Amino acid sequence: MSLRLDIAWSRRGFELNVQLETPAAGITAIFGPSGSGKTTLLRCIAGLEHAPGAQLQFKDEIWQDRNRFLPTHRRRLGYVFQEPSLFPQLNVSDNLRYGLKRVPASKRHVRLDEAIAFLSLKDLLDRAPQQLSGGQRQRVAIARALLSSPQLLLMDEPLSSLDHAGRQEVLPHLQRLHDELSIPIIYVSHEISEVMLIADHMAVLAEGRLEVMGPIHEVLTRTDLPVAHLEQSGSVLDGRIAQHDAQYSLSYIEVNGGRLAISQREAPIGTSVRVRIEARDVSLALKPPQQSSITNILPAQVIEVSDDRDPAQRLVKLDINGRPLLARITRRSEHQLGIAPGARVYAQIKSVALMG
Amino acid sequence: MTGDFYSPGDLAALWISVRLAVITSLSLLLLGTPLAWWLASGRSRFRVIVEAVTALPLVLPPTVLGFYLLMFLGPYGWAGRTMLHLGMHPLSFSFGGLVVGSILYSTPFVVQPLQTAFQAVGTRALEVAATLRAGPFDRFASVALPLARRGFVTGGALAFAHTLGEFGVVLMLGGNIPGRTQTAAIAIYSHVEVMDYVGAQRLSATLLVLSFVLLLIVYGTQRSSRRDWTAP
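Top to bottom, those sequences are chains V and X. Number 199 in our numbering belongs to position 217 of the first sequence; there are no gaps in the numbering. Here our numbering runs 372 ahead of the position in the second sequence, where the first position is 1.
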């Protein structure tokens, strides 16, 4: 447990009612549609909003209770805002130093050169914020937050104000953050694909209430919740890079239950990776397909079959050696193949997105 | 050359005007900053009342303000009597009185630009600073002040120019004592009264050029230092 919070706050007709404990490490995503209260929740955690009567405890520090309200600047947190809010009167270097200067040397655990290298900012240091692209600004904002040596990093949709190129530029840095940072991160997002790539735990918020909270692979595949029925819904598998195949420019990933081929990666053998597999990219076969262009086929067992948003389709939850995988198939295929709980099938995976 | 161009009386009047304007604008920047900050960020319900009081000199005839100040600061006024009791001279008909009157009269010219500038800083920049460990005063000094610097230039220059051009309050409160409370604006009036149009012309042209240059500086800095907070 790192952060424990209990908030019941109604303001201007909106009610936020959340009790939550976040794990001590890794990225916890707070996922939900716009207007579900994600940002308000994050702002309450940071002390930027004062929800009366809320209880907030971080490790052994009380941040808020009935009698106390620790102001934001005394909470050891970092905050990355939706728009990269750099100080316009300061250049990149001075923006980075702003938080660093305000932390006593004995309490710093991130060095300036580390943060600069980590977010590849070496060539930007003398620039004014006005001369940077959106992605560059957000990288500076992330480094600036890290340099205040936070014990908890809060990120409010840091990719959502960026264009496609900006997202592609910042996302790898977020994934490195996940791998190399020991402090917990709370990451607010309404993009399920983003959450699937970086989060370890996931809390789903709907209309100010917490719907579910748990390890990401479990929450994503809870077919009784709306998340599993989103267009881009799917599941994640963790594995390691097992082999590179120069002849076909492929890399093989060992996941529990089989092997997946992906386009060749520059990562050493043994690197742990996470793959995201969208439900619409998984089809089912009763026998191992002999003549198929699909290379990634994993043996699986059907756990349950449920209705999807589209009445023509069904959502199938599979078990791959203990890890859940979602497949989206037509109702017709379900009947023709006799897909039912307990059935042994082969999951054919058309596309795999890789993290890291 | 100036000695030939301006008469000793005109020089004294100009010197009093400039001294008054410098002291007034500096005092107002000092006093107006916390007031403008409070008006820009406060949520108190007294805000509207204070805002209206601050703006009063914009609409009030200067003679009204001057009259009340005379009543208040003069030897029979409350403040004047108190000062007499303390062994001091009442502020009416003195340079000190002019400073008090000018500060009150020019308040909106400093407070309003500052308030607008502070409001334009917005809450986001201050929130960012708070998440980077900056306390309230630190946030004000390191974020609000530099981002609102345009408001300081505007407010300072307006207060200076407005004090230079002040007439009614100064005449009511200071009288027209050459060498002590006779400012350039009042000296012009005195010149015209005795039909010395050449003298009036010299001082008028001086004030005209001075004010114009000041406004040039204000608008010039506004143009060159326009900066965006979030736009790419």
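Here a beta-carbon is modelled for each residue, glycine too, at the ideal position from N, C-alpha and C. Bear in mind that the values here come from a model prediction, so they are computed numbers and not experimental data.
Looking from the CA of E316 (chain V), the closest CA among V:Q330, V:S288, V:S333 belongs to V:S288. Looking at the backbone, the Cα of A325 (chain V) and that of S275 (chain V) are separated by about 24 angstroms.
Of the candidates V:S215, V:E286, V:G240, the residue whose Cα lies closest to the Cα of G221 (chain V) is V:G240. If you ignore the 5 residues before and after L268 (chain V), its C-beta comes within less than 7 angstroms of the C-beta of L319, V327, all in its own chain and listed in chain order. P132 (chain V) and G60 (chain V) have their alpha carbons spaced roughly 5 angstroms apart. Think of a sphere of 7 angstroms around the beta carbon of G81 (chain V): the chain X residues whose beta carbon falls inside it are L504, R505, in chain order. Flagged as an interface residue toward chain V: E499 (chain X), by a C-beta distance shorter than 7 angstroms.
Boundaries of the beta strand (DSSP E) around V298 (chain V): 295 to 302. When secondary structure is reduced to three states using DSSP, Q133 (chain V) falls in the coil class, being assigned neither helix nor strand. Excluding the 5 residues flanking it on each side, S478 (chain X) has same chain C-beta neighbours closer than 8 angstroms at T396, S397, L400, P429, L530, A531, H534, T535, E538, in chain order.
Contact with chain V is absent for R417 (chain X), since none of that chain's Cβ atoms lies less than 7 angstroms from the residue's Cβ.
In the structure shown, N77 (chain V) adopts helical secondary structure according to DSSP, grouped into three states. For A294 (chain V), the closest alpha carbon among the candidates V:T312, V:I285, V:R305, V:L307 is that of V:T312. Within 9 angstroms of the CB of R496 (chain X), the CB atoms of chain V belong to F63, E65, S67, in sequence order along the chain.
Note: W(-9) (chain V) is bridge-paired with V:L(-2) in the DSSP secondary-structure output. Residues of the region 515 to 541 of chain X with a C-beta atom less than 7 angstroms from some C-beta of chain V are V515, P518, L519, listed in chain order. Nothing from the region 136 to 161 of chain V brings a Cβ to less than 7 angstroms from some Cβ of chain X. In its chain, beyond the 5 residues on either side, L(-2), E31 have a beta carbon closer than 7 angstroms to the beta carbon of T22 (chain V). Neighbours of T21 (chain V) in chain X, taken as residues whose beta carbon is under 8 angstroms from its own, are absent, since the nearest beta carbon is some 12 angstroms off.
Rounded to the nearest whole angstrom, the CA to CA distance from M567 (chain X) to L575 (chain X) is 14 angstroms.
In the pairwise beta carbon analysis, the region -1 to 15 of chain V is classified as touching the region 166 to 174 of chain V: at least three pairs are separated by under 8 angstroms.
Distances from the alpha-carbon of V482 (chain X) to those of X:Y561, X:L437, X:W409 put X:W409 closest. Within chain X, the residues A502, R505, A506, G507 have their CB atoms less than 7 angstroms from the CB of H55 (chain V), given in chain order. In this structure, L144 (chain V) lies away from A125 (chain V), with their beta-carbon atoms at least 7 angstroms apart. Not flagged as an interface residue toward chain X: S88 (chain V), since no C-beta distance is shorter than 7 angstroms.
Within the region 106 to 134 of chain V, those residues whose Cβ lies closer than 8 angstroms to any Cβ of chain X are, in chain order, Q112, S115, G116, R126, A127, S130.
Under the 8 angstroms Cβ criterion, the region 61 to 76 of chain V does not count as touching the region 485 to 492 of chain X, having fewer than three qualifying pairs. With respect to the C-alpha of P462 (chain X), the residue from X:M443, X:L498, X:L476 having the closest C-alpha is X:M443. For E286 (chain V), the uninterrupted beta strand (DSSP E) segment begins and ends at 278 to 289. In the three-state reduction of the DSSP assignment, R48 (chain V) falls in the coil class.
By alpha-carbon distance to T555 (chain X), the top candidate from X:R391, X:V590, X:Y591 is X:R391. Contact check for D(-12) (chain V) against Q37 (chain V) passes: the beta carbons are separated by less than 7 angstroms. Between the alpha carbons of L82 (chain V) and E3 (chain V) lies a gap of roughly 29 angstroms.
For the region 200 to 219 of chain V, no residue has a beta-carbon sitting nearer than 8 angstroms to a beta-carbon of chain X. Nearest C-alpha to T578 (chain X) among X:I589, X:E565, X:L588, X:A557: X:A557.
If you draw a 10 Å sphere on the C-beta of K299 (chain V), you find 16 or more other C-beta atoms in it, and that means buried.
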